[in-house]
Structure formats: C-alpha cells, structure tokens
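Student: Throughout, the numbering used here is defined as the position within the sequence shown, counted from one, plus 4. A single structure is presented below for examination.
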Amino acid sequence: MLRSRRPAAAALALGAVAAVVLGIAAPASAHVSVNPKEATQGGYARLAFRVPNESDSASTTKVEVVLPENAPVGSVSTMPVPGWTVTVERRKVDPPVEVHGSQVAEAVSKLTWTATGDAAIRPGQFQEFPVSMGPLPQVDTMVFKALQTYSDGTVVRWIEEPTPGAEEPEKPAPVLTLTAAAPSAGASAPAAAPVAATSDDDGADSDGGAGAPLGVAGLVAGLAGLVLGGLAFARTRRTPTPAS
5 MLRSRRPAAA ALALGAVAAV VLGIAAPASA HVSVNPKEAT QGGYARLAFR VPNESDSAST
65 TKVEVVLPEN APVGSVSTMP VPGWTVTVER RKVDPPVEVH GSQVAEAVSK LTWTATGDAA
125 IRPGQFQEFP VSMGPLPQVD TMVFKALQTY SDGTVVRWIE EPTPGAEEPE KPAPVLTLTA
185 AAPSAGASAP AAAPVAATSD DDGADSDGGA GAPLGVAGLV AGLAGLVLGG LAFARTRRTP
245 TPAS
C-alpha cells in the first residue's frame, strides 16, 4: 500500500510545483504590448496594441495609449473594433511635422478606446486595437504608455520604461523599436564614368586624318601627269615629217 501511495504523492507534488511556476510566470508575460515590435523610420506602420485581461473577476472597459512627446506623429488612423469607440487627442508641435508633403503643426497625443455594451475584455481574454501611423520619427524607440481600466474601477498603469541590460519592469510600457531606412538603389549607385574612345575609333580617326592629305597629293600628281601628257602630244604634232 505504501508503494502505491508514493507515485500519487509525487504526482501531487509535481502538480503543485507546476502550479506555482505557472502562477508566477503568467503575470510576467501578460501585459499590454505593441505588435509588431519593429518598424522603419520615416515610413508608415500598421500596429496593434494587444491588451490581455489579468483580472479573475473584472472586465477591461477602457484602454488609453499615450504617444511619446519626444517622437511626434502627425497621422494616425484607427481600425474599427466592434463594440468599442475611439477618441483621438492632438497637441501642438513646434517645429511642425511633415505629413504627405505638407507641414502639420499638430501631432496625435493620445488614443482612448472605450467598450460599449458587452464588448469589454473578459477574464481570460485579450483584445487587439489596430492603428496605422506615420511618418515615424527619426528616433531609436517609441515608448507608448498605456492605462488599462477595469469594470471594478481598478486602473493598471503600464508606464514603466525598460532599461537596457536590466530586468523587465513590473508594469512595462509597450515599446516600438525603429530602424533606419535602407538606402535606395539610385542613391547608392556610383556615378557613371565617362566612356573613353575605343582603339577602333581612334584608328578610324587617325586613318581618316592621314588619308585626306594623301588623297589631295594624288589628285595633284594625276593632274600634273595629264598636263605633261597633253604637252608631249602637242609637240609631236608640230614636228614636221622628213621628206622621203
């Protein structure tokens, strides 16, 4: 009987350990994030803010995302999310930012999604809020501080900025990494070198230049020969024929 109880006890112990490990690991991975995590400077990007529900009893009813002040973005479009309304707040910027070739003196400062009806994010669920924004600024990272409001009044502030080389904060803010745009093919190609004359062309030019004087000299010699021949013929006709 004792032998039969040992496997059961071992299984219970392993289950308890797994539950503790999973219970510790789950909250660390469940936080507001931005996807994808990388985009290109100067371009437009389609992003999605992913919001999981960490509560066991309350639902997420509002999500606020604050755009960084040191990285202004002039154009932000939101995709409709069924059961959610969105408001876009703007702020003045100086110097202006360029959008589609025009200078814009305002940048988007905050996006707020609010659930209506039964659309709130329930326990064990998550929701994505897609946006399109750009032109993306010439910075290395964009930190989006987010606030998550639950139906019981709890507000979780995902606003802690990560530190390179340090552990992830307890409530990290979503971070978008920006990379420099690759140089275009036209900009990187070297200027075309002037085309040098080939040996065949040089030969043709040299032959043509030398042939012209020779042709003139031959013509003069031919004319002189004709003149001398004509004179000789005239003399022969003037010479009297001796008498027989």
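For each residue, glycine too, the CB sits at the ideal point set by N, CA and C.
Could you give the C-beta distance for alanine 177 and glutamate 68, rounded to a whole number, given that I count them as a contact under 8 Å?
Tutor: Not quite, the Cβ-Cβ distance comes to about 12 Å (not below 8 Å), so this is no contact.
Student: Measure the C-alpha to C-alpha separation of tyrosine 48 and serine 155 and round it to an integer number of angstroms.
Tutor: Each residue's Cα considered, the two are about 34 Å apart.
Student: Could you check which residue in Pro139, Ile125, Leu140 has the C-alpha nearest to that of phenylalanine 133?
Tutor: Out of Pro139, Ile125, Leu140, Ile125 has the C-alpha closest to the C-alpha of phenylalanine 133.
Student: Is the Cβ-Cβ distance between valine 103 and proline 139 less than 8 Å?
Tutor: Going by C-beta atoms, valine 103 is nearer than 8 Å to proline 139.
Student: Note down, in chain order, each residue of its chain lying with its Cβ closer than 8 Å to the Cβ of glutamine 107, except the 5 sequence neighbours on either side.
Tutor: Hits under 8 Å: Pro100, Val101.
Student: Would you list the residues sitting across from isoleucine 125 in a DSSP beta bridge?
Tutor: BP columns for isoleucine 125 point to Thr64.
Student: Excluding the 5 residues flanking lysine 96 on each side, which residues of the same chain have their C-beta closer than 7 Å to its C-beta?
Tutor: Once the five neighbours on either side are set aside, the close Cβ partners of lysine 96 are Ala109, Glu110.
Student: Ignoring anything shorter than 3 residues or poking outside the segment 156–190, list the beta strand (DSSP E) runs there in chain order.
Tutor: Complete beta strand (DSSP E) runs here, min 3: 159–162, 179–183.
Student: In chain order, what residues of the same chain lie with their CB nearer than 8 Å to the CB of aspartate 204, ignoring the 5 residues before and after it?
Tutor: Model confidence at aspartate 204 stands at a pLDDT of 47, short of 50, so the residue's coordinates are unreliable and nothing is read from them.
Student: How about serine 61 and proline 127: are their beta carbons less than 8 Å apart?
Tutor: Yes, these two residues count as a Cβ contact at 8 Å.
Student: Taking the alpha carbon of serine 63 as the reference point, which residue from Arg50, Gln131, Thr82 has its own alpha carbon closest?
Tutor: Per the Cα distances, Gln131.
Student: Quick test of your reading: threonine 65 and threonine 89, contact by CB under 8 Å. State the CB separation rounded to the nearest angstrom.
Tutor: Not really, about 11 Å apart at Cβ, beyond 8 Å.
Student: Beta-carbon within less than 7 Å of arginine 50's beta-carbon, same chain only, minus the 5 sequence neighbours each way: which residues are those?
Tutor: Hits under 7 Å: Pro134, Ser136.
Student: In angstroms with no decimal places, state the Cα-to-Cα distance between alanine 186 and valine 77.
Tutor: For alanine 186 and valine 77, the distance between alpha carbons rounds to 21 Å.
Student: Which parts of the segment 31–92 are runs of the beta strand (DSSP E), unbroken and 3 residues or longer, counting only runs that do not cross its ends?
Tutor: Whole beta strand (DSSP E) segments, 3+ residues: 37–39, 42–44, 49–56, 64–70, 79–82.
Student: Just curious, the beta strand (DSSP E) that threonine 120 is in, first and last residue?
Tutor: No beta strand (DSSP E) contains threonine 120, which DSSP labels as neither H nor E.
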